[in-house]
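Here the structure comes first, spelled out in structure tokens, and everything after it is commentary.
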Amino acid sequence: MNKIKIHILYKLKTGPFGGGNQFLKILRQQFLSMNAYSEDPTKADVILFNSFPFREEFRFKQIYNLKKAGKIIIHRVDGPISKIRNKDYEVDKIIYNFNDQFSDGTIFQSNWCKTANNQLGIKKNNFETTIINASDPHIFNNDSKAKFSKQRKIKLIATSWSANWRKGFEIYKYLDNSLDFSKYEMTFIGNSPVKFKNIKWLKPMDSIKIAGILKNHDIFITASQVDPCSNSLIEALSCGLPAVTLNDGGHREIINKAGEIFESKADVINKIDMITNNYLKYQNEIDLPKIKAVGENYYRFAHKIFEESRNGMYKQKMPNIFHLYHLLLMTNFWNIKSKLK
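Per my numbering, residue -9 is the first one in the sequence shown, and the count goes up by one each step.
In structure tokens form, the structure reads like this:
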């Protein structure tokens, strides 16, 4: 098998940031460990493009130039954005236009993500796959995980980088008012639109600190809506915490049997009690893909497209300048519309 080089066309941020950024950082490290990464996109065989490039729309022109140089483009699709935000369908249309005209392969982060984007109008690509994210095993692991005990308060925890209400804050506000705090205690890490009365609120912090706090808790809770592949959920499970998750987005695909699904305020506390009463059973069901396997899946997918293109079995997409202008026009229109709101 001929070795290929991959470049992730994304500006990685240091410090506390969103889950997608954290995943792409460890994916890059995995590619480096496989000797399959190029820091220079012009020397890579395959470009991994993360959608949508908010505040980095110049990436579209960069992709166009890389495509003209014969690079394979793989599109990592999130969202749908309009479902997550309950607005900005124009962004999804830009993503779908890019996917149709520029990308040779599409990677969805969960089957829910794939289905939801299909329903909104993304066209089937020549190559498609679903690969769930993974966490950094050097940070998010169950080493030194606090032992569960009913002789003390059961420790619940939730995290969110975003303060968007759709990240679950109606449920967290409900728990702040309704949870039995003589039996439970709860911590929230991140940004919040809610000022909690009983829940301990910690500001955003780096991954190492988050992992340390997760390991000192028992059960993870996420009530985020239409979340395609929650990195915070993956990180918590990786630290040995069973989870209680809203029945939405890709949560069910991630937890499998290592937690309970709730529908609303009416049953969330009951689901927490269920895990508390049979804790080890749920904890022993935690089974997540490791970053090594995830990186290898990304690599195999990229290599397949590269080989079929090189052998003449697949003709790469080759957008013209009008495709680029159309994409940039759509993006500029959305930016102007957003500023006017």
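All residues carry an ideal CB built from backbone N, CA and C; glycine is no exception.
- Of the residues Leu14, Asp35 and Asn11, the one whose Cα lies closest to the Cα of Ile(-4) is Asp35.
- Your pair Ser150 and Gly111 does not check out as a contact, with CB atoms roughly 29 Å apart and the cut at 8 Å.
- Within the DSSP bridge table, the entry for Phe88 names no partner.
- Fewer than three Cβ pairs drawn from the region 80 to 98 and the region 14 to 32 lie within less than 8 Å of each other, which leaves the two stretches out of contact.
- Rounded to whole angstroms, the gap between the alpha carbons of Glu286 and Ser93 is 20 Å.
- Ranking Ile53, Ser139 and Phe42 by CA distance to the CA of Ile62 puts Ile53 first.
- Of all alpha-carbon atoms in Asn325, Val258, Leu227 and Gly60, the one lying nearest the alpha-carbon of Pro127 is that of Leu227.
- About 7 Å separates the beta carbon of Glu243 from that of Trp102, a gap short enough to meet the 8 Å contact definition.
- For the pair Ala124 and Leu278, the CB atoms are nearer than the 8 Å cut-off.
- Here Arg66 is buried. Its C-beta has 16 or more other C-beta atoms within 10 Å.
- By the C-beta criterion, the region 173 to 189 is judged to be in contact with the region 126 to 146, since at least 3 inter-stretch pairs fall below 8 Å.
- The beta carbons of Val184 and Ile211 sit no closer together than 8 Å.
- His(-3) carries a strand assignment under DSSP once its states are collapsed to helix, strand and coil.
- Per DSSP, Leu278 lies in no alpha helix (DSSP H) and is assigned neither H nor E.
- Rounded to whole angstroms, the separation of the alpha carbons of Ile203 and Gln20 is 25 Å.
- In this structure Asp238 is buried. Its beta-carbon is surrounded by 16 or more other beta-carbon atoms within 10 angstroms.
- Nearest neighbour of Ile161 by Cα position, chosen from Leu192, Gln215 and Lys114, turns out to be Gln215.
- Using a 10 angstroms sphere on the CB of Glu46, the tally of other CB atoms stays under 16, which defines it as exposed.
- In terms of Cα proximity to Phe130, the closest of Leu330, Ile281, His293 and Asn322 is Ile281.
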